[in-house]
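Start counting the sequence shown at 23; every next residue gets the next number (our numbering).
Okay, so here's the structure we're looking at.
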Amino acid sequence: IEAFGYVTELGGRPIEAHPGTLAEQRALRDASEIYSLNPAQDEDFKEFIDATGKAGDTLGGIVEVRVEGLPFGLGTHAQWNRKLDGLIARAVMAVQAIKGVEIGLGFEAARRKGSEVHDPIHYTESQHDSPNLGFTRPTNNAGGLEAGMTNGQPLVVRAAMKPISTLRKPLASINLESKQPEEAEYERSDVCALSAASVIIENVVAFEVAAALIDKFGGDSLIEMKARWQLFQDMAAQR
């Protein structure tokens with residue numbers, strides 16, 4: 023199981039991602055100074071960040087986290103406060119400066135017809151021994167989660183980070199003693215903390231996934247946990 027976070031949009035500017043395997047995309051991310059999947063665009067975005075800083079402003083953006091290799095059935099459809107999508111959304115929203123969370127298509131799903139949203143199910147016998155038991159989807163609009171449970175597809179989570187609130191260009195405010203208008207005091211400010219946020223969100227999502235694995239398979243050690251996972255796979259494969 024691998025979790026992988028990266029920047030997909032900075033200051034309202036989407037970053038084109040190169041297709042490839044997770045290992046290839048991780049190499050691209052690690053080669054990027056802004057932690058995107060397109061290192062060739064780094065200089066343009068660094069100039070954008072520098073110009074924004076000189077203007078006394080700040081930038082936010084969007085990060086995406088993918089988790090691959092998950093078994094199906096993590097989470098639950100039966101208990102509202104144990105649904106994995108709810109647990110992930112709560113954990114990600116609890117990170118400072120995060121103002122929105124999407125799983126799969128997210129808000130885009132509200133703009134489409136049902137036939138354009140829901141993922142068909144295919145069966146590939148040659149993949150019967152994989153974690154998804156050969157049940158695959160040609161699309162992953164659900165983002166790997168359906169009815170609060172993993173479905174064997176990659177988990178895809180996006181988080182929206184607001185611009186840093188401490189500005190070099192002060193905002194209008196009010197003096198709490200005099201109740202008179204004053205400019206906000208400037209203390210310090212980075213221009214953009216989005217790259218760091220991608221690392222944090224990656225780990226927050228990974229923590230919730232790990233908790234779901236423990237909840238599903240239990241055990242006092244990884245050896246015991248893996249044995250229970252294999253038993254689960256063997257039992258499911260016989261159905």
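For each residue, glycine too, the CB sits at the ideal point set by N, CA and C.
* Spatially closest choice to E124 from A73, G165, L92 and D72, by CA coordinates -> The shortest Cα separation from E124 among A73, G165, L92 and D72 belongs to G165.
* **Straight-line Cα distance separating A111 from V231** => Spanning the two alpha carbons is a distance of roughly 12 Å.
* According to DSSP, what are the bridge partners of S200? -> Note: S200 sits in no beta bridge, so no partner.
* Asked: What distance in whole Å lies between the Cβ atoms of E24 and L44, which are believed to be in contact at a cut-off of 8 Å?
  -> Confirmed, about 6 Å.
* To do: Measure the C-alpha to C-alpha separation of I196 and G122 and round it to an integer number of angstroms.
  => Those two C-alpha atoms are separated by around 28 Å.
* Asked: Count the other CB atoms within 10 Å of the CB of E55; is the residue buried (16 or more) or exposed (fewer)?
  -> When all chains shown are included, E55 counts as exposed.
* Continuous beta strand (DSSP E) stretch holding R180: start and end -> Where R180 is concerned, the enclosing beta strand (DSSP E) starts and stops at L177 to M183.
* Own chain residues within Cβ distance below 7 Å of I223, not counting five before or after -> Taking C-beta separations shorter than 7 Å and ignoring five residues to either side along the sequence, the partners of I223 in its chain run G27, V85, V87, V114, V117 and A181, following chain order.
* Hey, how far is the Cα of E205 from the Cα of N60? -> If I take the Cα positions, the gap works out to 39 Å.
* **Buried/exposed call for G174, threshold 16 Cβ in 10 Å** => In this structure G174 is buried. Its beta-carbon is surrounded by 16 or more other beta-carbon atoms within 10 angstroms.
* Classification of Y57 by the beta-carbon crowding that lies within 10 angstroms, buried from 16 upward -> Buried, because 16 or more other Cβ atoms sit within 10 Å of the Cβ of Y57.
* From this set, T98, A73 and E46, which residue's C-alpha is nearest G33's C-alpha? -> G33 has its Cα closest to that of A73, out of T98, A73 and E46.
* If you compare alpha carbons, which of A219, E168 and S211 is closest to A100? -> That would be E168, whose Cα lies nearest to the Cα of A100.
* What do you get for A215, buried or exposed, if any count of 16 or more other CB atoms within 10 angstroms of its CB means buried? -> Classification of A215: buried, given that the 10 Å Cβ count is 16 or more.
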